[in-house]
Structures are given as structure tokens and as C-alpha cells.
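Numbering (the numbering used here), first residue to last: 75 to 515.
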């Protein structure tokens, strides 16, 4: 069996491989979502990582990329059962793997290997095929920061290679970043887009995070354990163990899932290396079409693009996992839309009609009117009364004081009172002079 490497996401333009500012420290909230235990609660058990459950691995097989570009290899006969090997074989194989990171054998590691090779044989076949889409991205990011390339198998136990995976605790994407950690490493998240779901951006952010963890712990097993449960939980386990800094020595003080995490990582490396010896056939991978991006400066939905350009909306969704609501939010800032290279020209030709067709569906209202409800009879009567009084107040009347006039004479001629005249004109005394205008109403 020959394992072919087909670079799907590696076809992205190199401009997409953006670098991010390095976090000054790891001093952000621990929000790993992993349950912490006390040492007296240790019972020798462990939990498999969430991504190793059947439901998470089954989601991989239902992805557009898997259904479109992966198929059974007709030249490979997959065994229905896992061959049996003794412990010495596993120890020797683990020792022979070309890794910088320690890959020891024990019964917990064996349990994780058996889970891959027995219960999850079919899912491993799909992961081997899907790895061709993503491993070139992971390797490039890790190599950029001079990290061990075997770390490329972390997303297998984190997300089962599903870029839109979301854990029970809210960790998202191939590398399962929690919100605060992702933002600390330059991954922007809004209601409409999530950089944690971007295979390229999240891979570079993960590489930086792993590098920073190594600068803290100086041991790769502790690094990937901290990646799972957070640095503070590792420091807590170190303190409880009396200051020991070996993963296997602080093992009893770790959360249950973290006890299974490093063994699962070792098992993932083993499974992706020795699948042939266990009779597992990788799904055959078909080279996807080359892709390119166009920058969008307006809000437009995937459905509008698919309808106008006669494209599969699932294909658009799979090429643009960063967008959470099947919409490119270009109105906020110019945003990239990734399409097959052969369809980019068609999109450009149809761009005006796509925008005009979608504007009413996706743009938020900039201004709205408040519709008043009909007034009751009582309310209308009060309004009419106020209107009448206001109208009366606005119909003012003036006269000119003649020689010899007094306030009393003027009041009598205009059917009012001296007090009213003084109020309307702000007079304190009775003296008035000829030629002055007085308001009489």
C-alpha cells in the first residue's frame, strides 16, 4: 500500500499563510473545559479524548471533502479484523518511529492503539485519506516554528480532522481552540466568522501556542498535556506530585481526559504510521481542483453565490469554513471567498447580479420607522383639546397705545382685564406710553 500525499489546502496562495504577533505570555484565563480532580479521587481510570468517540469520527465521513474526494481503494484489501501482536512488537515499532518526542509503551497506550485499530478501523481509513488535505498545512506551520513534525497528529485526537468541530466545552476547529486562547493568538471571532475554523490561520496559531508551552515546560509530553487541559492544571499536578516534571509521574494528579490524551497522541502517531501492518487501507484521495480567493466588500450569502454561479453550496461551505452563518460578511471589512480556480472568473462576471440579488436578504436595516398604533376615542379627544388650546395660544393680538389711553380703557375696548394685560405684557405698574404696542390676547 502506498500512502499518497495530495495537498488540497496546500494549494492556497502563500499570502494566506499569515504570521501573527506572538503572545507575550500565557497569562490568560484557563478555560480548557477539562474537569479537574483531587489526588484522592484518582482511581486509575482515564477517558478517551472527545474526538475519539464514534460520533465525532463519523462526522468526518459525512463532510463534503470526504464524500467528494475520498473513496475506497480498489487495489487494497482491508482486513475485517485486527491482527494480534505482542507487547515487544509494539515497543519496537514505537521505538523505530522517526520522532523527537518520546513515544513509550504501556497498557494505557496499548488501550488507545487498540481503540484505533479495532473499534475505529473504518474511521482510521477515512482519517488517512483526509490527512492528505490537511497534513501539508500542519507540517508547514510546525516547520516554520521549528517544532517536531509529529505534532501534526494532534488535530486527529482534537477534532478528528473536522475544521468545524465544536467540543462540549466550546473548543472549535481542527486544533480545538477555546475562545480566549484563540484570541490571545490572533484568531478573530465574531458572530459571523471564526478564524479558529480556518485551517491555515489556526495551524499557525497552534504552532505558536505549542512553542510557548514548550518554553514554559521544556518537555513535549507536558506540552501536549497542557494543550489539552491548560497550563495551570499541569502546574497544579506538578505541585501535588511534589515538584515532579515527568508526565508519567504526575499522571495520577491529572484530569481523567488528560490521562488519556498523551497515550492517545502516541496511539495516533502509531496508527498513522503502522496502519498497513494492521490491515487498514487508506481511503483513496482524488486531487481536488485548485482554488483561489476573491475579496468581497459586501455581505453575500453562500446560497446566492451558488445559485448565480451554478455551484454546490456544500462545496462553497467546505472551502470557507471560517464563516459561521453561510455568509461572507464583506460589509464589515473586505473578506476572502475561496472558490475553485475554474469558477473564479464566473463569479467575477456575475458579481454585480450576485450583489443586487442578495442585498435585500443579507443587509441589516440602516433606518427604521416606528409605526404608531391607532389612538382610542379618549386619546383622540385629549389630542383635539390640546390642539385647540395650542391654536388659541398662537393667535396673539396687539394694539397700539393712543395718547391719553389707560390700561382700563384698553381692557374695556378689547373685552379683557387690566390684570390680563399686565400678565401678557409683563407690566408691574399702570403707566403706559403712547405708541407702545400691547398684547391684548
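For glycine and all other residues, C-beta sits at the position ideal for the given N, C-alpha and C.
**Study point:** Buried or exposed by the 16-neighbour rule on C-beta atoms within 10 Å, applied to residue 250
**Key:** Indexing the chain shown from 1 puts residue 250 at position 176. Taking all protein chains shown into account, residue 250 has 16 or more neighbouring C-beta atoms within 10 Å of its C-beta and is therefore buried.
Practice item. Using a Cβ cut-off of 7 angstroms (strictly closer), state whether residue 501 contacts chain B. Key: Absent from the structure: chain B. Only one protein chain is present.
**Study point:** Test item: CB-CB of residue 366 and residue 402 under 7 angstroms
**Key:** Sequence index remark: in the chain shown, residue 366 carries index 292 (1-based). Sequence index remark: in the chain shown, residue 402 carries index 328 (1-based). Result no, Cβ atoms of residue 366 and residue 402 do not sit closer than 7 angstroms.
Practice item. Compare the beta carbon distance of residue 267 and residue 396 with 7 angstroms and say whether it is the shorter of the two. Key: Numbered from its first residue, the chain shown carries residue 267 at position 193. Numbered from its first residue, the chain shown carries residue 396 at position 322. Yes. Within cutoff.
Point to revise | Buried versus exposed call for residue 28 [16 or more other C-beta atoms within 10 Å across all chains shown] | key: There is no way to answer for residue 28, as the model of the chain reaches only from 75 to 515.
Point to revise | DSSP state of residue 358 mapped onto helix, strand, coil | key: As a working mapping, residue 358 is identified with position 284 in the chain shown. If DSSP states are grouped into helix, strand and coil, residue 358 belongs with the strands.
Check your understanding: Would residue 276 be called buried (16 or more neighbouring beta carbons within 10 Å of its own) or exposed?
Key -> Here residue 276 refers to the residue found at position 202 when the chain shown is read from its first residue. Around the beta carbon of residue 276, 16 or more other beta carbons lie within 10 angstroms, which makes this residue buried.
Practice item. Can you have a look at residue 157 and say buried or exposed, based on whether 16 or more other CB atoms are within 10 angstroms of its CB? Key: Position 83 of the chain shown, counting from 1, holds the residue named residue 157. Answer is exposed; the Cβ neighbour count stays below 16.
Exercise for review: Tell me the start and end of each unbroken beta strand (DSSP E) in the region 150-202 that is at least 3 residues and wholly inside, in chain order.
Suggested key: none
Review point. Which one of 172, 179 and 295 has the shortest CA to CA distance from residue 164?
Key: In the chain shown, the residue the question calls residue 164 occupies position 90. Of the listed residues, the one whose Cα sits closest to residue 164 is 179.
Exercise for review: Using the DSSP secondary-structure output, state which residues sit across from residue 34 in a beta bridge.
Suggested key: What is shown of the chain runs 75 to 515, which leaves residue 34 out entirely.
Review point. Looking at C-alpha atoms only, which residue of 336, 285 and 119 is the closest neighbour of residue 295?
Key: Here residue 295 refers to the residue found at position 221 of the chain shown. Of the candidates 336, 285 and 119, the one whose C-alpha sits nearest the C-alpha of residue 295 is 336.
Review point. Looking at the structure shown, is residue 417 part of a helix, part of a strand, or coil, going by DSSP?
Key: If you number the chain shown from 1, residue 417 lands on position 343. Here residue 417 sits in helix by DSSP.
Exercise for review: Please list, in chain order, all residues of the same chain as residue 184 whose beta carbon is under 8 angstroms from its beta carbon, the five residues on each side excluded.
Suggested key: Numbered from its first residue, the chain shown carries residue 184 at position 110. Around residue 184: 161 and 164.
Check your understanding: Terminal residues of the continuous beta strand (DSSP E) containing residue 226?
Key -> Within the chain shown, numbered from 1, the residue matching residue 226 stands at position 152. Run containing residue 226: none; DSSP gives neither H nor E here.
Review point. Per the contact definition of three or more C-beta pairs closer than 8 angstroms, is the region 337-346 in contact with the region 311-328?
Key: Taking 8 angstroms as the limit for Cβ pairs, the verdict is that the region 337-346 does not touch the region 311-328.
Review point. Excluding sequence positions up to five away, which residues of its chain have a Cβ less than 7 angstroms from the Cβ of residue 509?
Key: In the chain shown, residue 509 corresponds to position 435, counting from 1. In the same chain as residue 509, and ignoring 5 residues on each side of it, the C-beta atoms closer than 7 angstroms to its own belong to 474 and 475, in chain order.
Review point. Under a Cβ-count criterion, where at least 16 other Cβ atoms within 10 Å of its own Cβ denotes burial, should residue 369 be classed as buried or exposed?
Key: Position 295 of the chain shown, counting from 1, holds the residue named residue 369. Taking all protein chains shown into account, residue 369 has fewer than 16 neighbouring C-beta atoms within 10 Å of its C-beta and is therefore exposed.
Point to revise | Classification of residue 451 by the beta-carbon crowding that lies within 10 angstroms, buried from 16 upward | key: By 1-based counting over the chain shown, the position of residue 451 is 377. So residue 451 ends up on the exposed side.
Check your understanding: Sorted by chain position, which residues of the same chain lie with C-beta nearer than 8 angstroms to residue 515's C-beta, five sequence neighbours on each side aside?
Key -> What you label residue 515 is simply residue 441 of the chain shown in a count that begins at 1. Non-local C-beta neighbours of residue 515 in its own chain, meaning closer than 8 angstroms and more than five positions away in sequence, comprise 469, 470, 471, 488, 490 and 498, ordered along the chain.
Review point. Can you name, in chain order, every residue of its own chain whose Cβ lies under 7 angstroms from the Cβ of residue 312, other than the five neighbours on each side?
Key: On the chain shown, position 238 is the one that residue 312 refers to. 318, 319 and 324.
Exercise for review: Could you tell me whether the Cβ atoms of residue 252 and residue 352 are closer together than 7 angstroms?
Suggested key: Counting from one through the chain shown, the residue named residue 252 turns up at place 178. Counting from one through the chain shown, the residue named residue 352 turns up at place 278. Not closer than 7 angstroms, so no.
Point to revise | Range of the contiguous alpha helix (DSSP H) that encloses residue 271 | key: As a first step, residue 271 is located in the chain shown; it is residue number 197 there, counting from the start. Note, residue 271: premise wrong, no alpha helix (DSSP H); not H, not E.
Check your understanding: How is the beta strand (DSSP E) around residue 472 delimited, first residue to last?
Key -> Working through the chain shown from its first residue, we reach residue 472 at position 398. That run of the beta strand (DSSP E) goes 472-474.
**Study point:** residue 206 vs residue 392 beta-carbon contact at 7 angstroms
**Key:** Sequence index remark: in the chain shown, residue 206 carries index 132 (1-based). Sequence index remark: in the chain shown, residue 392 carries index 318 (1-based). Not in contact: residue 206 and residue 392 (Cβ atoms no closer than 7 angstroms).
**Study point:** Alpha-carbon spacing of residue 383 relative to residue 272, whole angstroms
**Key:** On the chain shown, position 309 is the one that residue 383 refers to. On the chain shown, position 198 is the one that residue 272 refers to. Near 24 angstroms, if we compare the C-alpha coordinates of residue 272 and residue 383.
Check your understanding: Closest by CA to residue 188, which one among 412, 122, 293 and 481?
Key -> Reading the chain shown from its first residue, position 114 is the one you call residue 188. Residue 188 has its Cα closest to that of 122, out of 412, 122, 293 and 481.
Practice item. Note down, in chain order, each residue of its chain lying with its Cβ closer than 8 angstroms to the Cβ of residue 144, except the 5 sequence neighbours on either side. Key: Residue 144 sits at position 70 when you count from the first residue of the chain shown. Excluding positions up to five away in sequence, the list reads 200, 203, 204, 357, 358, 359 and 360.
Review point. Span of the beta strand (DSSP E) holding residue 375?
Key: Counting from 1 along the chain shown, the entry for residue 375 is found at position 301. 373-375 is the span of the beta strand (DSSP E), which, as asked, contains residue 375.
**Study point:** Rounded separation between residue 147 and residue 349 - CA only
**Key:** Counting from 1 along the chain shown, the entry for residue 147 is found at position 73. Counting from 1 along the chain shown, the entry for residue 349 is found at position 275. Approximately 14 angstroms, taken between the alpha carbons.
**Study point:** Buried or exposed by the 16-neighbour rule on C-beta atoms within 10 Å, applied to residue 458
**Key:** Position 384 of the chain shown, counting from 1, holds the residue named residue 458. Of the residues assessed, residue 458 falls on the exposed side of the cut-off, its CB having fewer than 16 other CB atoms within 10 angstroms.
Practice item. Compare the beta carbon distance of residue 255 and residue 299 with 7 angstroms and say whether it is the shorter of the two. Key: Locating residue 255 in the chain shown gives position 181, counting from the first residue. Locating residue 299 in the chain shown gives position 225, counting from the first residue. No; because the gap between Cβ atoms is not below 7 angstroms, this pair is not in contact.
Review point. In angstroms, rounded to a whole number, what distance separates the CA positions of residue 478 and residue 455?
Key: Position 404 of the chain shown holds residue 478. Position 381 of the chain shown holds residue 455. Those two C-alpha atoms are separated by around 46 angstroms.
**Study point:** Beta carbon of residue 381 nearer than 7 angstroms to that of residue 404
**Key:** Working through the chain shown from its first residue, we reach residue 381 at position 307. Working through the chain shown from its first residue, we reach residue 404 at position 330. Not a contact, by the Cβ cut-off of 7 angstroms.
Check your understanding: In three-state terms, what does DSSP make of residue 369?
Key -> Counted from its first residue, the chain shown places residue 369 at position 295. In this structure, residue 369 counts as strand in the three-state DSSP scheme.
Point to revise | residue 143 in three-state terms, based on DSSP | key: One-based indexing of the chain shown puts residue 143 at position 69. DSSP places residue 143 in helix when its eight states are reduced to three.
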